[in-house]
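Student:
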Amino acid sequence: MPFLFHPDIKSQYFHASFLQQGVVNIYQYLKINKENLPYKDSFNYPPLVYFFQGSWIYIASPLLGQPFKDWLNYWGEGWYFNPQLYRQLFVLKIPYLTADILIGVLLTQFLEERFRKKALFLWFFNPLTIYIIYGLSNFDIIPTFLTILALFYFKKKSYLYSGIAMGAAISFKLYPLLFLPLFTFPMLTSKLFKKAFIFLLGCVLAALIFLPFLGDFLKYADSGLLKTLLGFKFSFGQAIQIPVFYILYAVILIFSIRSKANWDRIAFLMLMVLFCILSISHFHPQWFLWLFPFFVIFAAQRLNLLIYAVPLFTSFIISILAFEDRFLTLGIFSPIIFNIYDAGLLEQTVFSKIDKTTTLVSAQIVFGLASLLVLYSIFRYINERS
Amino acid sequence: MKEAKLLLGLITIVLVTFVLFLSLAIVYSIRMIPNVIQNNGDNLAAIYAGHDKEQLFQSNQDNINVVFVRLKNIGILNKDPFIFTIRAGRKVLKEVKISGQNIGDDDWVKFQFEKVENVENKTLSFNLHSDTARKEAAILAYTNKSDELSYKVYSKENLSTGMKILIRSFFNRFMVDKLFVIFYIAIISALLIILFSKRHAKTS
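Protein chains in written order, with the working numbering: chain A, 1 to 386; chain B, 1001 to 1204.
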């Protein structure tokens, strides 16, 4: 935890630190004051991220100390000479460690006794999730935990809590919005109208925090997810272009209408949506975390899924390497070897010999094909079981 | 049983590849030790025909072989030759020519050359110029209010010296925060004790 660093953790907590100064609307604040700040990027996430991370800074301030504020405001070279760097990286990642552990606990609740150890092993000892959670240290583990929690409460038939968890997830990241029909459509077709209403009510209650900031969020935040989802289009003649994701999502919605309101079928539908997102977009590596707990639920029961996971993980790793960000690769070890970022090993060896665009496209095609194999295998397993 | 072997096999392959690659990276990094690091702010100085930019610096070590300079080529408009020259007084030590196309829009550009020896504690300078670039497509260099450039100078060391410098640097930085070191070692030790005592309980 203390030895891996990606600048995203610093930029997110830099913005979150304004909560202690009494700033409530971070979007407006940055719009007005951006040019006077040492770090000039906009805040591109829903508001609960700001309040969550801002609250954590306040709670953990006795552990973080004054050097933390100085470090947050320093954006030059030599940041690794911060005398409390390791402590600060450790403390900042405690919420992510907590969510990681809670996801592990929740995963066991979906499975029979004989599958639980495998699930825990796959979740806690997977190098990719360790890299994403503690290396990239983005907050995506939090909405991931909340979506799993929503599914857990759904399984327990506590639809209000399920909705609240899902609404909270949406207030962290927008992608769980795509899950709302996957929960409600099966309930509606099973004539569980009251339960669908309670679920949606829970979502709305939890997402109320979004309302005061919705206008500013839509105006000033720059959503990477929306851009990538809408980027890949089918052309019908010259006039009509339809984002591929719309077509695929429509197919998934049809599946959900015909699906029973069972938790495992809904988990499968969620996995379909997430595989679609990652297959057709130049995804940010932390997005891979969104689908992994759902993958573990099925892989723990059917370990031969891991064969299909090999091309999946390989293409994921290749797509990381092809990203224009050294901190995604060896730069992540900068707290240990402070000149590893500038050494540029990959740029000097691998990248000077390959075409990044072709490599990235090939990796995505492989990822898409492997996703289809995984989904087909899970679909057969669910049908065999029922 | 088959499945457990598959799992372990996959994890082993990933870990071994990772360790090999990290080792290579360490060996590579060791040969590039920081000499001078100067990060100076967000003003911009234009470099084009007739408008060079020079920077003096004091070299802390010998065997300089890399200089990074923070440059900006807006819209990658500039595609002219761009020349980096490192001097000791008037004597040209090394010269590196690149194309403006190799300079991104806010990029730490690397100028690498054969190591320059006998420069420890000496005052050197490097010069950036582009004889054919127009003002409209100038390369911009980041500077502070005193017009000093943002740059980093690295020296090439042999393996053993480089390894010692990096290890010493890591331990010095880690050991500064003694309270955290004690806490962290205690946590790791506790986890290991729990793990091994559980395994021991199982086998007995």
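Beta carbons: idealized from backbone N, C-alpha and C, even for Gly.
Examine chain E for any beta-carbon lying closer than 8 angstroms to the beta-carbon of B:Met1175, and answer yes or no.
Tutor: This model lacks chain E altogether; the protein chains it does include are A and B.
Student: Let me check you understand the geometry: is the CB of B:Thr1085 closer than 7 angstroms to at least one non-hydrogen atom of the ligand GDP?
Tutor: With respect to the ligand GDP, the structure shown offers nothing to examine, as it has no ligands at all.
Student: Comparing the C-beta of B:Met1163 with each C-beta of chain A, is any distance below 8 angstroms?
Tutor: Cβ-Cβ to chain A under 8 angstroms: no for B:Met1163.
Student: Going by beta carbon distance, what residues of the same chain come within less than 8 angstroms of A:Ile103, once the five residues before and after it are set aside?
Tutor: Result list for A:Ile103: Trp123, Ile141, Thr144, Phe145, Ile148, Pro293, in chain order.
Student: In the DSSP assignment, find the unbroken alpha helix (DSSP H) run with A:Tyr86 in it and report its ends.
Tutor: Run containing A:Tyr86: 85-92, per the alpha helix (DSSP H) assignment.
Student: Please give me, in chain order, every unbroken run of the alpha helix (DSSP H) with length at least 4 that falls completely inside the region 283-323 of chain A.
Tutor: Correct list: 288-299, 305-321.
Student: Which residues in the same chain have their Cβ closer than 6 angstroms to the Cβ of A:Phe90, if we skip the five residues on either side of it in sequence?
Tutor: Contacts found: Met1, Pro2.
Student: Can you find a C-beta in chain B that's less than 8 angstroms from the C-beta of A:Tyr27?
Tutor: It does not; no Cβ of chain B falls within 8 angstroms.
Student: Does the region 1150-1157 of chain B come into contact with the region 312-330 of chain A, if we say contact requires no fewer than three beta-carbon pairs (one atom in each stretch) closer than 8 angstroms?
Tutor: The region 1150-1157 of chain B vs the region 312-330 of chain A: no contact.
Student: Can you check whether the C-beta of B:Lys1135 is within less than 8 angstroms of a C-beta belonging to chain A?
Tutor: It does not; no Cβ of chain A falls within 8 angstroms.
Student: I want to know whether the region 192-209 of chain A touches the region 266-274 of chain A - three or more CB-CB distances under 8 angstroms.
Tutor: No, because fewer than three Cβ pairs between the region 192-209 of chain A and the region 266-274 of chain A fall closer than 8 angstroms, the two stretches do not touch.
Student: For A:Phe313 and B:Leu1022, what's the separation of their Cα atoms in angstroms?
Tutor: For A:Phe313 and B:Leu1022, the distance between alpha carbons rounds to 19 angstroms.
Student: Looking only at its own chain, which residues have a Cβ that is under 7 angstroms from the Cβ of A:Leu37, when we skip the five neighbours before and after it?
Tutor: Taken in chain order, the list of residues that qualify is empty.
Student: For B:Asn1035, which three-state DSSP category applies?
Tutor: In the structure shown, B:Asn1035 sits in a strand (DSSP, three-state: E or B).
Student: Of the residues A:Gly215, A:Ile317, A:Tyr86, which one's Cα is nearest the Cα of B:Val1176?
Tutor: When only C-alpha atoms are compared, the closest one is A:Tyr86.
Student: 8 angstroms is my cut-off, CB to CB: does B:Tyr1154 come that close to chain A?
Tutor: With 8 angstroms as the cut-off, B:Tyr1154 counts as an interface residue toward chain A.
Student: Please report the distance separating the alpha-carbon of B:Ile1193 from that of A:Ala119.
Tutor: The alpha-carbon atoms of B:Ile1193 and A:Ala119 are separated by roughly 23 angstroms.
Student: Would you call the region 1092-1110 of chain B and the region 1053-1061 of chain B touching, i.e. three or more CB-CB distances under 8 angstroms?
Tutor: No: fewer than three Cβ pairs fall under 8 angstroms.
Student: Quick one: residues in its chain with C-beta nearer than 6 angstroms to the C-beta of A:Leu19, no 5 flanking neighbours on either side, listed in chain order?
Tutor: Excluding sequence neighbours, A:Leu19 sits near Gly54.
Student: Pick from A:Leu174, A:Phe81, A:Leu136, A:Phe154: whose alpha carbon is nearest that of B:Phe1171?
Tutor: Taking only the C-alpha atoms, the option nearest B:Phe1171 is A:Phe81.
Student: Determine the direct distance from the alpha carbon of B:Lys1053 to that of B:Leu1128, and round the result to whole angstroms.
Tutor: If I take the Cα positions, the gap works out to 5 angstroms.
Student: Cα separation between A:Ala300 and A:Ala267?
Tutor: Distance between the alpha carbons of A:Ala300 and A:Ala267: 14 angstroms.
Student: Can you name the residues of chain A whose CB is closer than 9 angstroms to the CB of B:Leu1015?
Tutor: Result: Pro127.
Student: List, in chain order, every chain A residue whose beta-carbon is nearer than 7 angstroms to that of B:Ile1026.
Tutor: In chain order: Ile337.
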